[in-house]
Every structure is written in C-alpha cells, then in structure tokens.
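Below is one structure, written out as structure tokens; the observations come after it.
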Amino acid sequence: MARDADITILRKRGMLATVRGVVAHSVGGAEVETAPCDMLLGNAILHVARLDASVCTTAAASVVAEGITLNCEDCRRLALKYGDKLEVRE
1080 MARDADITIL RKRGMLATVR GVVAHSVGGA EVETAPCDML LGNAILHVAR LDASVCTTAA
1140 ASVVAEGITL NCEDCRRLAL KYGDKLEVRE
C-alpha cells in the first residue's frame, strides 16, 4: 500500500466502517461469528490489528469503508506504523 493511500486512510479514520469475517472460537471449540459490526474506520483498523490469532481466525477479517478495503495484514501494518493516531474517540 502506497504512502498516499495511508494518508487517505488517516484522513478518513472518523468515517463509519464495517468489520467483516472475524470468527471467534468458544470454549467448547465451536466457531462464533462476531462480525459484521460497524465502527469508525480508525477504531476498526486497530480492532482487527489487535486480534489474537490464537483466539480468532483473522485470515478472512477485513475492514470495509467507502472506497477502502483492508485485510488483516493491512490493518496490522497500519497499526504498527501509526498506532494510537488511528484511534477516534467517540
């Protein structure tokens, strides 16, 4: 992802986004769908980036906003690069 795309994402971090494809595993081993859910783009990126891979299946997780689709790796990269700058306080 290019630097210009990163800047666009930072500018749009207060936009409503949808988190899709997050699957949690219950204590009994059954999978429980915990998405889709809507939250602000910056918060959604941090949410997906912070998922514990041993607890959640994140390979198919994505964040979708107007004209933007980010997978797990994109979210983790952005979180490492920008950290709390992505967060939007509601």
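Quick note, the sequence shown lines up with residues 1080 to 1169 if you use the working numbering.
Glycine included, C-beta positions come from ideal geometry on N, C-alpha and C.
Note that the coordinates shown come from a computational prediction; the quantities given were computed from them, not determined experimentally.
Asked	Found
Whose C-alpha, out of L1089, A1103, I1088, is nearest the C-alpha of S1133?	A1103
Need the endpoints of the beta strand (DSSP E) that A1103 sits in, please.	1102-1104
Find out if the Cβ-Cβ distance for the pair M1094, A1144 is shorter than 8 Å.	yes
Measure the C-alpha to C-alpha separation of R1155 and L1149 and round it to an integer number of angstroms.	10 Å
The alpha helix (DSSP H) with L1120 in it runs from where to where?	1120-1128
Distance check for R1082 and L1125, CA to CA, integer angstroms please.	18 Å
Between V1101 and L1119, is the Cβ-Cβ spacing less than 8 Å?	no
Which residue comes first and which comes last in the alpha helix (DSSP H) that contains A1084?	1082-1090
Between K1091 and the rest of its own chain, which residues show a CB-CB distance below 6 Å, the 5 nearest in sequence each way excluded?	L1120
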